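**Q** Position one of the sequence shown corresponds to residue 765 (the working numbering), numbered consecutively onward. Starting off with a structure, shown below.
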Amino acid sequence: QTDSYHAEDGLAVSAIDGSGHESGFSNLVWTLHMLSPSAVAVDKNNNRQIAASGNLLALQDQNGQFLKWLGKYTEFLAYWSIGWHHPEERSHMARDAAGNTIYSVPSQHEVVIGVPESQGPFRSFGQHGSAPGQLDTPTGVALWGEPCEFGGPYSVDEHTLLLAHYDGDLGGEQGEVAIASGTSFEQGMHGQGVLIDSDDSLAYSRDGNLESWQGTIEFWIRPNWNGDDLGFYELFQVKDDFDDYSSHAMWLGKDPNGHLGSWGDIYVNVGDLSAGEWYHIAVAWEGPDVTLYINGTPRQSGYGDPRDFTAEFFNVGSACCSRGNQVNATIDELRISNMRRIGNSDTCSLILVADSGNNRIQVFDSMGNFVSAYGSSGTGAGQFSNPRGMATDELGNLIVVDSGNDRLQVLDFDGINFKFVKEILGEFNAPWDVAVPHHDQIVVADTGNNAIKVLDDKGHLLATYSEPNVRGYSGPFSQPRGLAIDLNGKIIVADTLNHRVVEIISPFVDPPHDPNSIFVDG
């Protein structure tokens, strides 16, 4: 018996004996209607995320049972061009140790970053073109590097505008002078922090310490209040004129309704914040796009038109013009940057993108800022023709499906620069994706040959699979595309034109290397 419901079916089992007696129906088990699945990724619980045409991302358990849809319809509608109207365009997909799902949207020339299970927003980067950092029909995505961290203690680097540790000194590490009244030092998150309460104030010159068009403000805060109290507390403010509220250019504060808000009409419920506990707060912006982070997680995004302002100073933990509303909290490790970044997001968990239309590989940091590019059109070493799927191995190498040249290329990567290592030929026909559980185990979706191939790191063919071999699935593959290796070492295949996700058990494939170090998938 089948009960159709949206994009999944409810199946029930009943048994009838020789006399016609029926056992009654079992509980419903839900199974997906999958239309042309193109990408699959495995999470830390060994569940599978599946991208299929016409659907949100679907979550299956390791036994293939449908669990739920990932993401919120409102989010996908808000990001209609990348998540809802073009779901079939999710070409390739990967996941990182923080649970972020990264996937490409070729028709929109964008890459999307999001944690669909959370309340955080989807983010995207990419602009159509051929200049550095621009994309043309991106496909494969992979991740490289250690997991991201936040909160410091930080050191000054080329992107630091202001860094204040508050270890007995309110000034910045680069000689910035604080203008303060009434503040005192308390135990901080790292060493000491500055307590701002009562009629206290703390301000810095805006010149050289804050840019209105792009940047990040981040700090630790230990409030002396609970998130659901009725107070109003200023965390950060730049303001031209006390008499004109609309002249607020940039601000961050907690309102009496239990919301943490910032410019860009962002309001996040923080009723669960507790007095005496430490929290990391950050606001990152680029032009009008503003995102609010709590403890390293993006909580809400908004549109805040950047405004020119003439204020000479900005206030930390208090308002300008003797308005009051001090933060009544201890603040530590204030860092203001001239780029979007949280913690070490500019060096950790780099996002590598197969920029297929431009026949190159591009590298972005975990916030989507451009880092470097490699390759050109052609058939030689380090040249590409429609590069697609990619994966990194535990040695830090990048393996690229050079689809138009019917080969794989292995590249050495140091976090910025690439170096050609070798090509691997396997009698491929328009290969689509690759997974590398270990450097000497390379699994390829040989799409044009309707096969999954396993090779060693020297390119020797170990096995060819023309159909799945697990749990009763039968029949040959038809244009298999997406690949992933689950935590048990099973090969998970998006068998695209058969509209199914199936499994292969291979004696030549082991469980993947540590997913919390160098990353895989793509």
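Using N, Cα and C, we set each Cβ at its ideal position, and we do this for glycine too. Just so it is clear, the structure is predicted and the values come from calculations on it, not from any experiment.
(1) Could you tell me which of ALA1258, SER1026, PHE1192 and GLU913 sits nearest to THR1052, measuring between CA atoms?
(2) Can TYR867 and ALA822 be called in contact, C-beta distance under 8 Å?
(3) How do the segment 800-817 and the segment 1249-1260 stand: do at least 3 beta-carbon pairs fall below 8 Å, yes or no?
(4) Tell me whether VAL934 sits in a helix, a strand or coil according to DSSP, three-state version.
(5) Taking ASP1170 and PHE1148 to be in contact with their CB atoms under 8 Å, please state how far apart those CB atoms are, rounded to whole angstroms.
(6) Check whether the segment 944-954 touches the segment 1054-1071, taking contact to mean three or more Cβ pairs, one atom from each stretch, closer than 8 Å.
(7) With DSSP run on the structure shown, which of helix, strand or coil describes ASN1133?
(8) How would you call GLU1267, buried or exposed, if buried means at least 16 neighbouring beta carbons within 10 angstroms?
(9) Taking C-alpha atoms, which residue in ARG1124, HIS1202 and GLU1097 lies nearest to ASP900?
(10) Decide if the segment 1034-1054 is in contact with the segment 991-1004; the criterion is three or more beta carbon pairs, one per stretch, under 8 Å apart.
(11) State the Cα-Cα distance for the pair LEU927 and GLN1173, rounded to the nearest angstrom.
(12) With distances taken between CB atoms, is the gap from ALA861 to ILE985 smaller than 8 Å?
(13) Should the segment 894-911 be regarded as contacting the segment 929-949, the criterion being three or more beta carbon pairs within less than 8 Å?
(14) Which partner residues of HIS856 appear in the DSSP bridge assignment?
(15) Go through its chain and collect everything with a Cβ distance to ARG1105's Cβ below 8 Å, but skip five positions before and after it.
(16) In terms of residues, what are the limits of the beta strand (DSSP E) holding ILE985?
(17) Can you give the Cα-Cα distance for ASP1041 and THR1228, rounded to whole angstroms?
(18) Using 8 Å as the threshold, is the C-beta distance between ARG1273 and VAL1207 below it?
(19) Exposed or buried, ALA779, counting other C-beta atoms within 10 Å across all chains shown (16 or more means buried)?
(20) When we look at the beta-carbon of LYS808 and count the other beta-carbons within 10 Å, is it buried (16 or more) or exposed?
(21) Nearest to ASP1250 by alpha carbon, out of ARG854, TRP833 and ARG859?
(22) How many angstroms separate the CA atom of VAL869 from the CA atom of VAL1218?
(23) Under the three-state reduction of DSSP, which class applies to GLN829: helix, strand or coil?
(24) Taking only runs that begin and end inside the segment 859-908, name each unbroken beta strand (DSSP E) of 3 or more residues, in chain order.
(25) Less than 6 Å between C-beta atoms, sequence neighbours within five positions excluded: which residues of the same chain meet that for ASP1007?
(26) Spatial neighbours of THR838 within its chain, please: CB distance less than 6 Å, with the 5 preceding and 5 following residues excluded, ordered by chain position.
(27) Please report the straight-line C-alpha distance between ALA1046 and LEU1098, rounded to a whole angstrom.
(28) Tell me the rounded alpha-carbon separation between VAL920 and SER1101.
**A** For this structure:
(1) Residue numbering aside, residue 1052 sits at position 288 when the sequence shown is read from its first letter. Note that residue 1052 is Pro in the sequence shown here, rather than Thr. Nearest of ALA1258, SER1026, PHE1192 and GLU913 to PRO1052, Cα basis: SER1026.
(2) Taking the sequence shown and counting its residues from 1, the one referred to as residue 867 is at position 103. Taking the sequence shown and counting its residues from 1, the one referred to as residue 822 is at position 58. The answer is no: Cβ separation not under 8 Å.
(3) Touching, yes.
(4) Position 170 of the sequence shown, counted from the start, is the residue given in the question as residue 934. As written in the sequence, residue 934 is Leu, which differs from the Val given in the question. LEU934 falls in the coil class under three-state DSSP.
(5) As a position in the sequence shown, residue 1170 is number 406, starting the count at 1. As a position in the sequence shown, residue 1148 is number 384, starting the count at 1. Not quite, the Cβ-Cβ distance comes to about 12 Å (not below 8 Å), so this is no contact.
(6) Per the Cβ contact rule, the segment 944-954 is not in contact with the segment 1054-1071 (fewer than 3 Cβ pairs under 8 Å).
(7) Mapped onto the sequence shown, residue 1133 falls at position 369. ASN1133: coil per DSSP, three-state reduction.
(8) Position 503 of the sequence shown holds residue 1267. Burial call: buried.
(9) As a position in the sequence shown, residue 900 is number 136, starting the count at 1. For the residues ARG1124, HIS1202 and GLU1097, the minimum Cα distance to ASP900 belongs to ARG1124.
(10) Result yes; three or more Cβ-Cβ pairs closer than 8 Å.
(11) What you label residue 927 is simply residue 163 of the sequence shown in a count that begins at 1. What you label residue 1173 is simply residue 409 of the sequence shown in a count that begins at 1. If you take the alpha carbons of LEU927 and GLN1173, they lie about 42 Å apart.
(12) The residue labelled residue 861 in the question sits at position 97 within the sequence shown. The residue labelled residue 985 in the question sits at position 221 within the sequence shown. No, these two residues do not count as a Cβ contact at 8 Å.
(13) Under the 8 Å Cβ criterion, the segment 894-911 does not count as touching the segment 929-949, having fewer than three qualifying pairs.
(14) Along the sequence shown, one-based indexing puts residue 856 at 92. Answer is none; HIS856 lacks a bridge partner.
(15) In the sequence shown, counting from the first residue as 1, residue 1105 sits at position 341. Once the five neighbours on either side are set aside, the close Cβ partners of ARG1105 are HIS923, THR980, ALA1048, ASP1129, MET1131 and ASN1133.
(16) Indexing the sequence shown from 1 puts residue 985 at position 221. Secondary structure note for ILE985: its beta strand (DSSP E) is the uninterrupted segment 978-987.
(17) By one-based count along the sequence shown, residue 1041 stands at place 277. By one-based count along the sequence shown, residue 1228 stands at place 464. Note that residue 1041 is Glu in the sequence shown, not Asp. For GLU1041 and THR1228, the distance between alpha carbons rounds to 56 Å.
(18) By one-based count along the sequence shown, residue 1273 stands at place 509. By one-based count along the sequence shown, residue 1207 stands at place 443. Sequence check: residue 1273 is Val here, not Arg. With a cutoff of 8 Å on beta-carbon distance, VAL1273 and VAL1207 are scored as near each other.
(19) In the sequence shown, residue 779 corresponds to position 15, counting from 1. Its Cβ having fewer than 16 others within 10 Å, ALA779 is exposed.
(20) Taking the first residue of the sequence shown as 1, we reach residue 808 at position 44. Classified as exposed, LYS808 has fewer than 16 neighbouring CB atoms from the shown chains inside 10 Å of its CB.
(21) One-based indexing of the sequence shown puts residue 1250 at position 486. Taking the Cα of ASP1250 as reference, the smallest distance to any Cα among ARG854, TRP833 and ARG859 is reached at ARG859.
(22) To locate residue 869, count along the sequence shown from 1; it is residue 105. To locate residue 1218, count along the sequence shown from 1; it is residue 454. Between VAL869 and VAL1218, the alpha-carbon positions lie close to 28 Å from each other.
(23) Stepping through the sequence shown from its first residue, residue 829 is reached at position 65. Correct three-state label for GLN829: coil.
(24) Counting whole runs of 3 or more residues, the segment 859-908 contains the beta strand (DSSP E) stretches 865-869, 874-878, 887-889 and 905-908.
(25) Working through the sequence shown from its first residue, we reach residue 1007 at position 243. Bear in mind that a pLDDT of 44 at ASP1007, under 50, signals an unreliable position, so the number given afterwards is only what the model happens to contain. There are no such residues.
(26) Against the sequence shown, residue 838 aligns to sequence position 74. For THR838, the predicted model reports a pLDDT of 42, less than 50, meaning its position is unreliable; a value from the coordinates is still stated below. Here the set comprises nothing.
(27) The residue you call residue 1046 lines up with position 282 of the sequence shown. The residue you call residue 1098 lines up with position 334 of the sequence shown. Going from the Cα of ALA1046 to the Cα of LEU1098 covers about 10 Å.
(28) Position 156 of the sequence shown, counting from 1, holds the residue named residue 920. Position 337 of the sequence shown, counting from 1, holds the residue named residue 1101. Taking the CA atoms as reference points, VAL920 sits about 10 Å from SER1101.
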